[in-house]
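Take 574 as the starting number for the sequence shown in the working numbering and just add one per residue. Okay, structure first, notes after.
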Amino acid sequence: MYPLNRVLERAAAYFPHRIAVVDGERRMSYRVLADRVHRLAGALLSLGLGRGDRVAILDWNSHRYLEAYYACAHANLAFMPVNSRLAPRELRYVLQDSDARAILFSEPFRPLYEEVAKGAAGLSHAIGLALPQRPAGVLDYEALLAEARPLAVPEPADAGEIAQIYYTSGTTGEPKGVCLTHGNMYAGGLDGVVALAMTREDSWLHAGPLFHLATSFAVWALPIVGGTQHVIHFEPKRAIELIARERVTMTSLPGAILPMVADMPETRAADISSLRRIVYGGSPTPMGVLRKAAAALPPALNHVYGITETAGFATSLAPADHVFDGSEAQLRRAASAGQATPFIDVRVVDDDGRVVPAGAVGEIVCGGPKIMSGYWRKPEATAAALRHGWYHTGDMGALDGEGFLTLVDRKKDMIISGGENVYSIEVESVISMHPGVAEVAVIGVPDERWGEAVTAIVVPRPGSEPSAEDLAGFCRGKIAGYKIPKSFEFRTEPLPKTGPGKIAKRVLRDPRWSGLGRKI
């Protein structure tokens, strides 16, 4: 496996004058980027950091964020992109659990840093990113680079060494640090190049936060081909303006944001025809919403399925499969998450780990060079997730005869009502097609008769007042009777979300099971 800390070096040698990064008015060639990365790597080592030490960052998307990615790999340090939406308690846990030695932070996160820094005993160094005023003991990023002795030639890295640690959102307990190796991330970059057919003429807009692998796999993919990365702090109108002005060819968006962007007047008015890949993922996008988005956007939609533990996406549904010709076969394919990408294997298995027949529902498991090495200092959780060489995702799905994966649900979101399995995403997909529904979450609540009763929590669209009878009638004929919610609850405020923008069903579900000693 090609060393991860040689990716940027190769790009600087082969594409020295090509634009590597655009951040506002700042444009950096690969040669300039490599020089700054060498200086940052040398500066970090001069602080006494050693091989494998953890370096965290709190920042909006910026050229400095990208420089930190590359510099940590160059110096054989473990980079930790921290979710900037964490509460102080959560950030304190992440820094303590990882024994982070250094943290980089920008002005918007100064209060958060100051609140948690004293509680992180192992945190030896803090580096301010363009701070107007530096707190005592905080180093200045640009001054460090100016004074540093560049690390021109890195020490060779082993493919199995930890390159990056991403802490999961913690929806099932305390966050876990997902350890991704140099080999994982290089394979992830190559996988992106092949799956998205990237070339040196491509440019990628990091619209999503760089602490998510949904966009950060591209940090490694673009230098492999000599393409350009654009970084912005995401705001939909600004993103559309940038795509039109810079003729960006690729970007990624959460599936939940896709319809909003497609509906914006700015999107309809702008020339964004340069886009040939709009990568989207997250929760499955309802078919009605997807068709509207496909009609409003360039023919570039590319659905992916993946999780942090797979170092990027595991499956991809190309733009050609988003052309709606009205046939049942095409609709089924468009509703899928696509086929496994070249550097990963995907199977669907039963509870005993046996591969199930085509079309049967089971747990999705993944294998190959992109699979994490484990969870940071959590051997039991690692052993539970990595079994017999396969990562068990906890997601339920089905593969058809051609390898197209259809997502069904999270294992924990499966509702058993009256002995029948009900998959919440299937019910949500139908209800969300009702014109009066803005958001919906389907959960199981305790029921003396049925064990669990299917319940839909609905946020109506402004100006609409659908009733429970309306929605139940809308479901009839579209899903089996036992899948139709027994009750509908209506609310005006948006449904709670996790960090990646998914509906936080645990927040909706847990209070209803409180005091029962069980949640199923």
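Virtual Cβ for every residue (Gly too), placed ideally from N, Cα, C.
Item	Value
Taking 8 Å as the threshold (C-beta atoms), are Ser619 and Arg707 in contact?	no
Could you check if Tyr587 is buried or exposed, using at least 16 other CB atoms within 10 Å of its CB as the buried criterion?	exposed
Helix, strand or coil for Met945? Go by DSSP, reduced to three states.	coil
According to DSSP, what are the bridge partners of Ala614?	Answer by DSSP bridge pairing: none, since Ala614 is not bridged.
Only counting the same chain, and skipping five residues up and downstream in sequence, which positions put a Cβ closer than 6 Å to that of Leu712?	Ile700
Assuming the contact rule is C-beta atoms closer than 8 Å, Tyr740 and Asn656 should be a hit. Round their C-beta distance to whole Å, please.	7 Å
On a CA-only basis, which of Phe977, Leu1044, Phe1061 and Ala760 is nearest Gln903? Give me that one, please.	Phe977
Do you know how far the Cα of Thr955 is from the Cα of Gly947?	5 Å
Relative to the alpha-carbon of Val1109, which residue among Asp925, Ala585, Val1000 and Glu1025 has its alpha-carbon at the smallest distance?	Outside the displayed range of the chain (574 to 1093) lies residue 1109, so it cannot be described from this structure.
Using alpha carbons as the reference points, say which of Gly940, Phe678 and Gly926 lies closest to Val934.	Gly926
In terms of alpha-carbon separation, which member of His806, Gly1036, Asp775 and Gly761 lies closest to Ala787?	Gly761
Going by beta-carbon coordinates alone, are Ile1094 and Leu696 separated by less than 8 Å?	An answer regarding residue 1094 cannot be provided, because it is not within the stretch 574 to 1093 covered by the chain.
Go ahead and pull the three-state DSSP assignment for Phe807.	coil
Look at the alpha carbon of Leu778 and the alpha carbon of Thr824, and state the distance between them as a whole number of angstroms.	5 Å
For the region 964-1032, which segments carrying the alpha helix (DSSP H) assignment without a break, of at least 4 residues, lie completely within its bounds, in sequence order?	997-1004
Is it buried or exposed, Ala968, if we count other Cβ atoms within 10 angstroms and call 16 or more buried?	Note that residue 968 is Asp in the sequence shown, not Ala. Looking at its Cβ environment, which holds 16 or more other Cβ atoms inside 10 Å, Asp968 is buried.
Asp672 and Arg627 - do their beta-carbons sit closer together than 8 Å?	yes
Rounded C-beta distance between Arg579 and Leu622? I'm assuming under 8 Å.	20 Å between Cβ atoms; not a contact.
So, with DSSP's three-state summary, where would you put Ser679?	strand
Going by beta-carbon coordinates alone, are Val804 and His647 separated by less than 8 Å?	no
With a threshold of 8 Å on Cβ separation, who are the neighbours of Leu1081 within its own chain once the five nearest residues in sequence on each side are excluded?	Ala1014, Ile1016, Ile1030, Leu1068 and Pro1069
Under the DSSP definition of a beta bridge, which residues are partnered with Met653?	Ala629
Looking only at its chain, what residues have a beta carbon closer than 7 Å to the beta carbon of Ile851, apart from the 5 residues adjacent to it on each side?	Thr824, Leu826, Leu870, Ala873, Leu874 and Asn875
Along the alpha helix (DSSP H) that carries Phe1047, what are the first and last residues, could you check?	Ala1041 to Cys1048
DSSP has Trp777 in a bridge; who is on the other side?	Gln802 and Met823
By the three-class DSSP mapping on this structure, what secondary structure does Gln737 have?	strand
Output the boundary residues of the alpha helix (DSSP H) element that contains Ser1060.	Note, Ser1060: premise wrong, no alpha helix (DSSP H); beta strand (DSSP E) at Ser1060 to Phe1063.
Going by C-alpha distance, which of Pro809, Trp793 and Glu808 is nearest Gln802?	Trp793
Grab me the residues of Ala616's own chain with a C-beta within less than 7 Å of its C-beta, minus the 5 sequence neighbours each way, in chain order.	Leu717, Leu718 and Ala721
Check each candidate in Pro915, Pro589, Ile735 and Thr822 and name the one with the smallest Cα separation from Ile845.	Thr822
Is it buried or exposed for Pro1084, if we count other Cβ within 10 angstroms and need 16 for buried?	exposed
What separation, rounded to the nearest whole angstrom, lies between the Cα atoms of Ile592 and Leu763?	20 Å
Whose C-alpha, out of Gly1024, Ile1057, Lys1051 and Ser889, is nearest the C-alpha of Trp1086?	Gly1024
Check whether the Cβ atoms of Gly895 and Ala867 sit closer than 8 Å, and answer yes or no.	For clarity, residue 895 is His in the given sequence; the question names Gly instead. In this structure, Ala867 lies closer than 8 Å to His895 by Cβ.
Going by C-alpha distance, which of Ala644, Ala957 and Ala835 is nearest Pro727?	Ala644
Whole angstroms is fine: what's the gap from Val928's alpha carbon to Ala913's?	16 Å
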